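First up is the structure itself, then whatever we jot down about it.
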Amino acid sequence: MNFGRSAFAQPHERTPEERDLVRRLDIFLMTFGCVSQVIKYLDQQNISNAYVSGMKEDLALNGNELNYFTTYFSVAYCIMLIPSQIIMTYVRPSYWLSGLEICWGIITGLIALTHSAKQVYILRVFLGLCESSAWPGMMTLFMHWYTPSELAKRMGFYHSCQAIGSMMSGALQVAIINTLHDANGLAGWRWLFIINGVMTVAWGALGFFLLPDLPNYVNPRAFWFKKGHEKLAMERLERHGRAEPKKITWAGARRTIVNWVTYFIAIMYIATVLAPWGYAYFNLFLKSLKNPDGTPVWSTSQVNAIPIAGSAINVVFVWVWAILSDLLRTRWILIIAQAVIGLVPCIAMSIWTSHPDTTPLATAYASYFISYLTLGTAPLIMAWLSDLLPQDPEARTLIVGVAIATYYAVSAWSQVLVWPAVQAPYYKYGWQSSIALWILVIIMTSVLRYIDLKFLLPKREEFRATLIIGAEPTSPQLTDTELDPEEDSSTAKSPAIVTQA
């Protein structure tokens with residue numbers, strides 16, 4: 002990391018045409034992805050809102066059906082992740098991602114017509130299959146279109162939309178249920194699914210025109226894409242040592258399986274998502290607090306409202322970490338920084354849960370809020386993946402799918418064991434397991450950094466040389482302010498540093 006050559010302090014030597022391309026990508030690609038992410042989160046959350054708003058009674062749900070709704074969705078989501086990533090290299094993303102969004106919007110609306118838990122189970126399976134494409138698909142597209150100094154910010158903004166969706170969901174769902182209950186003879190919870198479904202289908206249809214597809218296979222329906230942008234996008238890839246997008250082959254799959262990066266990224270992603278997971282049970286902690294007379298310290302509305310402040314902290318700090326990553330042009334240092342911060346609330350809560358009578362209650366409050374500071378690792382890990390393997394788009398695409406699918410497979414059973422609701426808020430092993438995971442993150446990140454410098458950097462330099470040797474430059478060339486993150490000018494090939502004709 003070189004603070005003297007930060008990306009913002011010494012901006013890229015971009016032409017007006019390149020600035021225009023990035024601006025259009027932000028307006029259309031980013032806007033579609035971010036709104037889709039908010040809608041996706043609303044669609045995922047509405048089953049819980051509907052359950053407590055009349056669905057339980059109307060469908061006679063008297064057991065663990067709500068848990069099964071989540072289980073069926075998660076299993077299907079996990080199964081389809083990797084196939085979806087592969088299919089997206091053969092089918093235009095504007096067809097695949099938009100088409101699946103329309104499909105899950107229709108399925109969401111169909112839940113309004115259900116009359117039994119079995120019908121909901123079936124629809125939830127198809128919902129998981131369709132929604133699995135969204136997050137990894139958009140992350141993969143960002144890797145193809147944005148340069149290293151642009152990437153983490155965009156990934157961070159996109160990722161933060163999960164928290165924005167969480168903040169919006171409660172108020173939006175309550176407004177729909179209260180306003181439309183019994184309208185045309187339909188219960189409010191049924192209108193909830195209908196409205197969410199219509200929103201999803203309408204926005205998904207716009208994807209046919211807003212998604213640009215790939216730099217070497219541009220969407221002809223993308224009205225906003227100017228003539229010449231395709232060539233410029235390909236030049237941007239070449240200038241930063243990036244290979245053009247390719248269809249995933251068996252050779253690419255085998256190469257991914259034997260690549261160390263696959264396992265490091267997957268383990269780091271899983272660990273960084275699960276390590277701060279105690280924050281998800283902030284509401285159970287608040288609900289457990291009692292006054293001396295036995296009455297609750299916080300009302301039901303306050304129990305639901307207070308964690309919204311945590312979600313706001315989450316949004317802000319996802320942006321902060323992402324901006325710092327591009328500004329300081331480093332990923333691994335900021336991942337370790339979040340891990341170190343994450344250790345603080347985990348250690349504090351381990352002490353509080355063991356000695357609640359002698360440890361100040363303020364310790365628990367502060368710990369829960371501090372945990373929200375450490376939820377910005379995913380965009381940095383995915384941006385680092387793009388930096389580590391710029392020459393292998395097949396492996397990048399597969400690794401994104403493998404990491405997220407493995408996370409869903411692990412979280413499906415681990416969270417019940419580590420954070421059982423019956424132990425809330427005095428979890429026996431929860432916070433201690435988080436300490437172990439954060440330490441694992443620090444170790445894995447440091448080792449991967451060593452592997453990067455020792456083995457991966459020479460391969461990137463070799464690939465960069467093949468792009469430059471014998472090629473006549475036709476675009477603004479790479480100056481030392483445009484080198485990839487964490488690679489200083491001393492490691493760059495001299496032919497890469499030229500001036501514009």
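Numbering (the numbering used here), first residue to last: 2 to 502.
The C-beta atom is built at its ideal place from N, Cα and C for all residues, glycine as well.
Here the structure is a predicted model, which means the values were calculated and not measured.
Distance between residue j and residue i (C-alpha atoms, nearest Å)
i, j, result
"TRP251", "SER117", "43 angstroms"
"SER355", "GLY431", "12 angstroms"
"PRO17", "PRO246", "25 angstroms"
"ARG309", "ASN315", "Note on identity: in this sequence residue 309 is Ile, with Arg being the wrong assignment. Roughly 10 angstroms separates the two Cα atoms."
"PHE210", "THR360", "57 angstroms"
"GLY55", "GLY189", "8 angstroms"
"LEU275", "LYS227", "43 angstroms"
"VAL298", "TRP420", "23 angstroms"
"SER300", "TRP278", "24 angstroms"
"VAL321", "ILE334", "14 angstroms"
"ASN305", "TRP97", "36 angstroms"
"ASP44", "PHE370", "26 angstroms"
"GLY157", "ARG256", "28 angstroms"
"ALA61", "ALA267", "40 angstroms"
"ALA281", "LYS119", "28 angstroms"
"ILE400", "THR263", "6 angstroms"
"ARG191", "LEU124", "14 angstroms"
"PHE33", "LEU212", "7 angstroms"
"THR407", "LEU344", "24 angstroms"
"GLN416", "ARG24", "41 angstroms"
"ILE348", "GLN339", "14 angstroms"
"PRO357", "SER289", "13 angstroms"
"GLY186", "SER49", "22 angstroms"
"ASP451", "ARG461", "Checking the displayed sequence, the identity of residue 451 turns out to be Tyr instead of Asp. If I take the Cα positions, the gap works out to 15 angstroms."
"TYR366", "ILE307", "11 angstroms"
"ASN449", "ASN217", "According to the sequence shown, residue 449 is Leu rather than Asn. Approximately 31 angstroms between the Cα atoms of the pair."
"SER412", "TRP439", "16 angstroms"
Integer-rounded CB distance, given that residue j should sit under 8 angstroms from residue i
i, j, result
"CYS162", "GLN38", "4 angstroms"
"PRO84", "PHE286", "Rounded, the Cβ-Cβ distance is 39 angstroms, inconsistent with contact."
"THR312", "SER167", "Reading off the sequence shown, one finds Ser at residue 312, where the question assumed Thr. Correct: roughly 5 angstroms between the Cβ atoms."
"LEU128", "THR109", "7 angstroms"
"ASP393", "ALA244", "7 angstroms"
"LYS455", "ILE324", "In fact, because the Cβ distance is near 29 angstroms, the residues do not count as touching under 8 angstroms."
"TYR91", "SER170", "About 34 angstroms; that fails the 8 angstroms criterion."
Contact set for residue i: own chain, Cβ-Cβ below 7 angstroms, skip 5 residues either direction
i, result
"ILE40", "MET200, THR201, TRP204"
"GLY471", "Residue placement at GLY471 cannot be trusted, given a pLDDT of 42 that sits under 50; what the coordinates show is reported in the next sentence. Hits under 7 angstroms: none found."
"ASP59", "ALA188"
"THR475", "Confidence is the limiting factor: at THR475 the pLDDT is only 38, short of 50, which leaves the residue's position unreliable, though a coordinate-based value still follows. GLU236, listed in sequence order."
"LEU389", "VAL262, ASP453, LEU457"
"HIS182", "ALA188, GLY189"
"ILE165", "VAL39, VAL316"
Where residue i falls: helix, strand or coil (DSSP)
i, result
"VAL219", "strand"
"PRO357", "coil"
"ASP214", "strand"
"LYS291", "strand"
"PRO246", "coil"
"PRO391", "coil"
"THR475", "For THR475, the predicted model reports a pLDDT of 38, less than 50, meaning its position is unreliable; a value from the coordinates is still stated below. DSSP places THR475 in coil when its eight states are reduced to three."
"PRO459", "helix"
"PRO17", "helix"
"PRO297", "strand"
"THR331", "coil"
"THR148", "coil"
"LEU187", "coil"
"THR378", "helix"
"THR115", "coil"
Chain-order list of residues whose beta-carbon lies under 6 angstroms from that of residue i (same chain, five-residue window excluded)
i, result
"GLU395", "LYS247, ILE249, GLY253"
"ILE405", "LEU82, PRO137"
"PHE318", "LEU374, GLY377"
"PRO346", "SER368, ILE371, SER372"
"ILE1", "Any property of residue 1 remains undetermined from this structure, which presents the chain solely from 2 to 502."
"VAL259", "none"
"TYR73", "TYR122, ARG125, VAL126"
Whether residue i touches residue j by CB criterion (8 angstroms)
i, j, result
"GLY402", "PRO94", "no"
"MET383", "MET140", "yes"
"ALA206", "SER99", "yes"
"ALA363", "LEU193", "no"
"LEU101", "CYS131", "yes"
"THR331", "ARG237", "no"
"TRP105", "LEU30", "no"
"SER351", "GLN433", "yes"
"ILE107", "GLY208", "no"
"GLU19", "LEU152", "no"
"TYR159", "CYS35", "yes"
Close Cβ partners of residue i (< 8 angstroms) along its chain, the five nearest in sequence each way excluded
i, result
"ILE336", "MET269, THR273, THR378, LEU381, ILE382, TRP385, VAL442, THR446"
"ILE27", "This sequence places Asp at residue 27; Ile is not what is there. Excluding sequence neighbours, ASP27 sits near ARG155."
"PRO391", "HIS241, GLY242, ARG243, ALA244, ARG461, PHE464, ASP485"
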